[in-house]
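Just add 548 to the spot in the sequence shown (first one is 1) and you have this note's numbering.
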Amino acid sequence: DLVPLGAVLGDLEKFAEADAVYRQSLRSYDGVSPFPLAWACFQLGMLWAELAPARDPDVAALWYRRAIAYVPGYVKARVHLSEVCASQGRTSDAEALLLPALSSGDPEVPCRLADVLISQGRVHEAATHLGSAQLRFEELLQRHLLAFADHAAEFYAGSGDDYDRALELALANVANRPTRRAIAQVEAIRARSGRATIPRTKGTPCTSPSSLSKASTSSTP
């Protein structure tokens, strides 16, 4: 029960209390399964990478690594740790984290991997992964719209290059669960909608499939 409580405290912007509750959940756990421990570590990583105003990527990375140590196949932890690595210029580390997770079917993996490849100048490979990400997002949305609406909205507001689709999904998400983060996502997409291009935000790929296609064509000898 402590990890859900920590999530509620984080959503209420009581970040110090959330941190304390997550840590308490780790200390008090006496089970044999590694999954609750990995979950708590992941939540601590999210807290310090994305939620707390005084973000600390190094602390966040520590918690993400602990989550992966408990559960090596923890895809979300790998994705989020790869974002930290990429933001610090360690793109090889980011790629190494993502490659084993490609088979998971999580569309965020090829989406983030495309970002890493772009930063390395590997545009042709990136275009392939972006196409895979878009296809997978749409497959998941057809079956579980509300479960993936927020992440798909983030994709379409960035790499997916479709503002209308992004806003549609963000509004569906906020109607289902009007949390502060969901409301903030709608406001952010609306605020950026009047611009010719949507700028990169933390965790959002910056290159659209169409621009990748153009870059790929122009780079061909």
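Virtual Cβ for every residue (Gly too), placed ideally from N, Cα, C.
Quick check: does the Cβ of ILE731 come within less than 8 Å of any heavy atom belonging to the ligand COA? The model depicted lacks the ligand COA and carries no ligand whatsoever.
GLN636, DSSP secondary structure in three states: The DSSP-derived three-state label of GLN636 is coil.
Residue burial classification, PRO655 (beta-carbon count within 10 angstroms, cutoff 16): Buried, because 16 or more other Cβ atoms sit within 10 Å of the Cβ of PRO655.
Nearest to ILE616 (by Cα), restricted to the options SER635, ALA602 and LEU585: Checked all of SER635, ALA602 and LEU585; the closest Cα to ILE616 is LEU585.
Range covered by the alpha helix (DSSP H) that runs through ARG575: Residues 563 to 576.
Alpha-carbon to alpha-carbon, ALA662 and GLN636: When rounded, the distance between both Cα atoms is 17 Å.
What residues in its chain sit with their C-beta under 7 Å from that of ALA730, if we drop five residues either side in the sequence? Here the set comprises ASP698, ASN721 and VAL722.
Here's a check: name, in chain order, each residue in its chain whose Cβ is nearer than 7 Å to the Cβ of ALA600, leaving out the five neighbours to either side. Once the five neighbours on either side are set aside, the close Cβ partners of ALA600 are PHE563.
Which term fits VAL632, buried or exposed, when burial requires 16 or more other beta carbons within 10 angstroms of its beta carbon? Note on VAL632: 16 or more other CB atoms within 10 angstroms of its CB, so buried under the neighbour-count rule.
Taking the continuous alpha helix (DSSP H) assigned at GLU598, which residues delimit it? Careful: GLU598 lies outside any alpha helix (DSSP H) and carries neither H nor E.
With distances taken Cα to Cα, identify the nearest neighbour of ALA732 among SER741, ALA718 and ASN724. The option with the nearest alpha carbon to ALA732 is ALA718.
Helix, strand or coil, according to DSSP, for THR727 in the structure here? Coil, per DSSP.
If I follow the unbroken alpha helix (DSSP H) through TYR704, where does it start and stop? Counting along the chain, the alpha helix (DSSP H) containing TYR704 begins and ends at 693 to 704.
Who are the near neighbours of ILE746 in its chain, counting only those whose CB is closer than 6 Å to its CB and skipping five residues on each side? Confidence at ILE746 is low in this model, with a pLDDT of 38, below 50, so its placement is unreliable and no value can be given for it.
Quick one: give me the first and last residue of the alpha helix (DSSP H) that ARG614 is part of. Its alpha helix (DSSP H) spans residues 605 to 618.
Comparing C-alpha positions only, which one of LEU645, SER581 and ALA700 sits nearest to LEU678? Of LEU645, SER581 and ALA700, the residue nearest in Cα terms is ALA700.
Reducing DSSP to helix, strand and coil, say where ARG670 ends up. It is coil, neither helix nor strand.
Buried or exposed: SER573, going by 16 or more other Cβ atoms within 10 Å of its Cβ? Classification of SER573: buried, given that the 10 Å Cβ count is 16 or more.
Between LEU560 and VAL607, what straight-line distance do the alpha-carbon atoms span, to the nearest angstrom? C-alpha separation (whole angstroms): 21 Å.
Under 9 Å between the Cβ atoms of ALA714 and PHE703? A contact, by the Cβ cut-off of 9 Å.
Reducing DSSP to helix, strand and coil, say where VAL722 ends up. Helix, per DSSP.
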